[in-house]
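Peer 1: Residue numbers (mature numbering (1 follows the signal peptide of the UniProt record, and there is no 0)): -25 to -1, 1 to 419.
The beta carbon of each residue, even a glycine, is placed where N, CA and C say it ideally should be.
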Amino acid sequence: MALLTELHRSRLALLLLCCISGALGRDLTIGGRAYIQSTSRWLPLYPVPRLPSVKEPSEPRNIHLSFGDTERDIVVTWSTVSKVSLPLARFRACSAPPHQPWQLATARSTKFVDGGPLKSAQWIHRAKLLNLSSGERYNYSVSSDGSVWYPAMEFRVPNVSQAQRSFAVFGDFGLANAQSLPRLLDDVTRQRMYDAIVHVGDFAYDMPDENGAVGDRFMQMLQPIASRVPYMTCVGNHEEKYNFSHYRNRFSMPGSSENFFYSVNIGPVHLHQQSFFFTNYGTAQLGRQYRWLDADLREANLNRTAAPWIVLIGHRPLYCSNNDSRDCDWVDLAFWGHEHSYERTWPVHNGSVVGKTSDTKTYTNPRATVHVITGSAGNKEKHAYFVDKAPKFSVFRSTDYGYTRVTFFNASHALLEQVSDDKQGQVIDSFTVVQKRHGPFGWN
């Protein structure tokens, strides 16, 4: 409630400030407090959450969620500046009577030292909440000693008896110029639209900057969203510094690959994340990822009854038509970032369009992967513009700030919508994928 009260106050602050100063930038400081200006009518001015005081090194910060090995397993991740005596998470179903005891999960703690000259250190804590009740809402909190608890937060476990799952997907999201954040917060807190957030690479710009302080502030900025819904990630090129150490340490994805490649079934969706590596850190991981990729996709293809949609997330797109691009058979949809824009393609295989029709709004039983580049959430590098003439594979392009909503209704129907924050939340592109023939496309 305190957060929502502050958000409502921010509306009045913005109106007063607009009267005084006229046109504004996206990042504002008022009375020493940082704000993000938005086109959202519900939240035109977003107060960026502050980090705990350095005088409270054991106070939890950067709290966020992710799925564990299944969608009924939730991992709570947070950090403290100092080592703490008893890092715990407690949780209880919202439907439980008030006198029912909290369940406790002991966190595993690791020390993370930034690679910068100050060698700034913090402790990362991970608590696993396992075998949660399907469709239930849970209250939860975290503690450094088991006696003083962080204010309670809430999340919802997807209902395994229902097929529909909804996601927000975006990439290239920074601490500065995070224009889409207030509207995403509205989607998550007020409208409760998503089962997960999927961030396809490039965080903060950049997490290691200022001896890791940019990463700390970025994760705190995300906390009102990422503490409510699982925040699933994919590594990008902006995470490369110090051998991707901030990405490897700050997030908690399924599997044992240090967040570089993983998969998890979320309702009818097999979410499959692939990474790229810089060979100056060695090449052994390339072979390891390839072997995992081959085995995971083979297994996922045999499991189409349970999870018919195979959805790839990555960072550098295979197909795009930006004027700065040099990056440009079993996967139904592929989501990418890297280019600071939005673009969707026809079904494409090996550079060629497969099954192009006059209907740009519905792909019926496509026989190749449909690619979506969604890297326009907002960052200090701003937009990436397009070549004048769209290539044959491109259907729709936009440089508006925004993000992608994806809803998988069942085993055969999915709806994708591109939300423009520049146009006050208008859906500027939407299309449906109808796939009743899941399986290999037969290009071998």
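Mind checking which residues open and close the alpha helix (DSSP H) that includes asparagine 218?
Peer 2: Translated into the one-based positions of the sequence shown, residue 218 becomes position 243. Its alpha helix (DSSP H) spans residues 216 to 225.
Peer 1: Could you spell out where the alpha helix (DSSP H) holding asparagine 276 opens and where it closes?
Peer 2: Mapped onto the sequence shown, residue 276 falls at position 301. Taken as a continuous stretch (DSSP letters only), the alpha helix (DSSP H) holding asparagine 276 covers 259 to 277.
Peer 1: Less than 8 Å between the C-beta atoms of alanine 143 and isoleucine 241, yes or no?
Peer 2: As a working note, residue 143 is residue 168 in the sequence shown. As a working note, residue 241 is residue 266 in the sequence shown. No. Outside cutoff.
Peer 1: Just to check my reading of the structure: histidine 358 and threonine 320 have Cβ atoms closer than 8 Å, yes? What is that Cβ distance to the nearest angstrom?
Peer 2: Position 383 of the sequence shown, counted from the first residue, corresponds to residue 358. Position 345 of the sequence shown, counted from the first residue, corresponds to residue 320. So it is not a contact: roughly 20 Å between Cβ atoms.
Peer 1: Assuming alanine 291 contacts histidine 313 under a Cβ cut-off of 8 Å, what Cβ separation, rounded to an integer in Å, is found between them?
Peer 2: Counting from 1 along the sequence shown, the entry for residue 291 is found at position 316. Counting from 1 along the sequence shown, the entry for residue 313 is found at position 338. Looking at the sequence provided, one finds arginine at residue 291 rather than alanine. Confirmed, about 5 Å.
Peer 1: Which ranges does the beta strand (DSSP E) cover as unbroken runs of at least 3 residues, wholly within the region 369 to 419, from first to last along the chain?
Peer 2: 369 to 373, 377 to 383, 388 to 395 and 401 to 409
Peer 1: My understanding is that tyrosine 10 touches leucine 18, with C-beta atoms under 8 Å, so please give their C-beta distance in whole angstroms.
Peer 2: On the sequence shown, residue 10 is found 35 positions in, with the first residue counted as 1. On the sequence shown, residue 18 is found 43 positions in, with the first residue counted as 1. Actually they are not in contact, since the Cβ atoms of tyrosine 10 and leucine 18 sit about 10 Å apart, beyond 8 Å.
Peer 1: Where does arginine 131 sit, in a helix, a strand or coil, going by DSSP?
Peer 2: Within the sequence shown, numbered from 1, the residue matching residue 131 stands at position 156. The answer is strand: DSSP assigns arginine 131 an E or B state.
Peer 1: Report yes if the C-beta distance between glycine 91 and proline 32 is below 8 Å; otherwise report no.
Peer 2: Here residue 91 is taken as the residue at index 116 of the sequence shown, counted from 1. Here residue 32 is taken as the residue at index 57 of the sequence shown, counted from 1. In this structure, proline 32 does not lie closer than 8 Å to glycine 91 by Cβ.
Peer 1: Given isoleucine 99, which residues of its chain have a CB within under 6 Å of its CB, disregarding the five upstream and five downstream residues?
Peer 2: If you number the sequence shown from 1, residue 99 lands on position 124. Excluding positions up to five away in sequence, the list reads Ser54, Thr85, Phe87 and Asn224.
Peer 1: First and last residue of the beta strand (DSSP E) that includes methionine 207?
Peer 2: Counting from one through the sequence shown, the residue named residue 207 turns up at place 232. 206 to 208 is the span of the beta strand (DSSP E), which, as asked, contains methionine 207.
Peer 1: What do you get for leucine 277, buried or exposed, if any count of 16 or more other CB atoms within 10 angstroms of its CB means buried?
Peer 2: Numbered from its first residue, the sequence shown carries residue 277 at position 302. Looking at its Cβ environment, which holds fewer than 16 other Cβ atoms inside 10 Å, leucine 277 is exposed.
Peer 1: Using the Cα positions of threonine 258 and aspartate 181, report the straight-line distance between them to the nearest angstrom.
Peer 2: Residue 258 sits at position 283 when you count from the first residue of the sequence shown. Residue 181 sits at position 206 when you count from the first residue of the sequence shown. Computed Cα separation, rounded: 24 Å.
Peer 1: Express the C-alpha separation of leucine 40 and lysine 30 in angstroms, rounding to a whole number.
Peer 2: Residue mapping note: residue 30 aligns to position 55 of the sequence shown, counting from 1. Residue mapping note: residue 40 aligns to position 65 of the sequence shown, counting from 1. Their backbone Cα atoms lie some 26 Å apart in a straight line.
Peer 1: Express the C-alpha separation of phenylalanine 130 and threonine 45 in angstroms, rounding to a whole number.
Peer 2: Taking the sequence shown and counting its residues from 1, one reaches residue 45 at position 70. Taking the sequence shown and counting its residues from 1, one reaches residue 130 at position 155. So the alpha carbons of these two residues sit roughly 15 Å apart.
Peer 1: Would you list, in sequence order, the uninterrupted beta strand (DSSP E) runs of no fewer than 3 residues that lie entirely inside the region 292 to 326?
Peer 2: Segments of the beta strand (DSSP E) lying fully in the region 292 to 326: 308 to 311 and 317 to 324.
Peer 1: Let me check one thing: in DSSP terms, what residues is tryptophan 124 bridge-paired to?
Peer 2: As a position in the sequence shown, residue 124 is number 149, starting the count at 1. Looking at the DSSP assignment, tryptophan 124 forms a beta bridge with Ser118.
Peer 1: Mark residue 449 as exposed unless 16 or more other C-beta atoms lie within 10 angstroms of its C-beta, in which case mark it buried.
Peer 2: An answer regarding residue 449 cannot be provided, because it is not within the stretch -25 to 419 covered by the chain.
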